[in-house]
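With the UniProt record's numbering, letter number 36 in the sequence shown gets 36, and the count goes up by one each step, no holes.
Every residue gets a Cβ at the ideal spot worked out from N, C-alpha and C, and that includes glycine.
Computed from a predicted model, the values in this text were never measured in an experiment.
Before any comments, here is the structure.
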Amino acid sequence: MTDLWTGERIRLRGVEPQDWEGFRALALHTVDARNADVVEPPRSDESFRAWATERAGRTPNPAAYQLVIETRFEHAFVGAVSVGETDARAGRFRTGIEVTREHRRQGYAAEASELVLTYMFAEQRSHKCEVEVYAFNDASLALYRKLGFVEEGRLRQHEFFAGTYHDVVLLGITADEYWAGRARPSLR
Numbered sequence: 001m002t003d004l005w006t007g008e009r010i011r012l013r014g015v016e017p018q019d020w021e022g023f024r025a026l027a028l029h030t031v032d033a034r035n036a037d038v039v040e041p042p043r044s045d046e047s048f049r050a051w052a053t054e055r056a057g058r059t060p061n062p063a064a065y066q067l068v069i070e071t072r073f074e075h076a077f078v079g080a081v082s083v084g085e086t087d088a089r090a091g092r093f094r095t096g097i098e099v100t101r102e103h104r105r106q107g108y109a110a111e112a113s114e115l116v117l118t119y120m121f122a123e124q125r126s127h128k129c130e131v132e133v134y135a136f137n138d139a140s141l142a143l144y145r146k147l148g149f150v151e152e153g154r155l156r157q158h159e160f161f162a163g164t165y166h167d168v169v170l171l172g173i174t175a176d177e178y179w180a181g182r183a184r185p186s187l188r
């Protein structure tokens, strides 16, 4: 390994001002925005530009961040992965991911998630990662289960949108569970 943030097919990097169009594309589909729990009124292109420019100027924070997922060789915007709700005392953090429609079901989300989990477990000494997924989001549930996450609970009829209540599935993975069967990063 030469770069912790580069996988076989993708690279994670900080937000740049020109990424505003990719983030706008993620927000254009109401169904996708609902799945990410971020349905908002329509925004102007200028508000996306200002948001991306502000994000690009932020100092990196290992406890809460959002990174762009881009294809390694074409440098195409694939989506974003985030870390937040970090509890350093307990060693917990939460993560989330969103991928553009044209890049779904190609393994990018799994690879990006693995890069983030490797960083948080190997470099930040985190002990556990948690995610919340709507019960109807079969693709995200399958992704996290494939990565080794275990269902820890369900919040019944927890969120309301699109005219009905929805369950939220809580999943988690510990560092030991993550490293079982995986090679730890090398110093060489």
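How would you label residue i, buried or exposed, when you count the other beta carbons within 10 angstroms and need 16 or more for buried?
i, result
"ALA180", "exposed"
"GLU123", "exposed"
"TYR165", "exposed"
"GLY96", "buried"
"LEU4", "exposed"
"LEU143", "buried"
"SER186", "exposed"
"ALA139", "exposed"
"PHE73", "exposed"
"LEU171", "buried"
"GLY22", "buried"
To the nearest angstrom, how far is the alpha carbon of residue i from that of residue j?
i, j, result
"GLY44", "ALA183", "Looking at the sequence provided, one finds Ser at residue 44 rather than Gly. Between SER44 and ALA183, the C-alpha separation is close to 45 Å."
"VAL39", "THR30", "7 Å"
"ARG58", "GLN18", "15 Å"
"LYS146", "ILE173", "11 Å"
"ARG49", "VAL68", "15 Å"
"residue 207", "VAL78", "The requested residue 207 does not occur in the structure, where the chain is confined to residues 1 to 188."
"MET120", "HIS127", "9 Å"
"MET1", "ALA135", "Any reading at MET1 must be qualified, since the residue scores a pLDDT of 48, below 50, and its modelled position is unreliable; no value is offered."
"TRP20", "ARG55", "10 Å"
"ALA162", "THR71", "33 Å"
"ASP32", "ARG94", "20 Å"
"ALA27", "ARG101", "11 Å"
"LEU141", "VAL133", "7 Å"
Thinking C-alpha only, which one of the options is nearest residue i?
i, options, result
"ARG24", "VAL81, GLU46, GLY7, GLU8", "GLU46"
"ASN137", "TRP20, HIS75, VAL169, GLY84", "VAL169"
"ILE10", "THR174, GLU130, GLY107", "GLY107"
"GLU130", "GLU102, GLU111, SER82, ASP167", "SER82"
"ALA64", "GLU85, ARG55, PRO41", "GLU85"
"ALA52", "GLU102, GLY14, TYR134", "GLY14"
"GLY7", "HIS75, GLU16, GLU132, GLN66", "HIS75"
"GLN66", "GLU16, GLU132, ASP167, PRO41", "GLU16"
Kindly list the residues whose CB is nearer than 6 Å to the CB of residue i, restricted to its own chain and excluding five residues on each side of it in sequence; keep chain order.
i, result
"ALA109", "ILE97, VAL99, LEU143"
"ASP167", "ALA135, ARG154, ARG156"
Can you list, in chain order, the residues of its chain whose CB lies under 7 Å from that of residue i, leaving out five sequence neighbours each side?
i, result
"GLU177", "GLY148"
"ALA112", "ILE10, LEU12, ILE69, VAL81, ILE97"
"LEU103", "Checking the sequence, you will find His at residue 103 rather than Leu. Here the set comprises VAL78, GLY79."
"PRO62", "GLN124"
Original post:
Does the stretch 79-91 come close enough to the stretch 150-160 to have 3 or more Cβ pairs within less than 8 Å?
Top reply: no
**OP:** Determine, using beta-carbon pairs with one atom in the stretch 153-165 and one in the stretch 109-121, whether at least three such pairs fall under 8 Å.
**Re:** no
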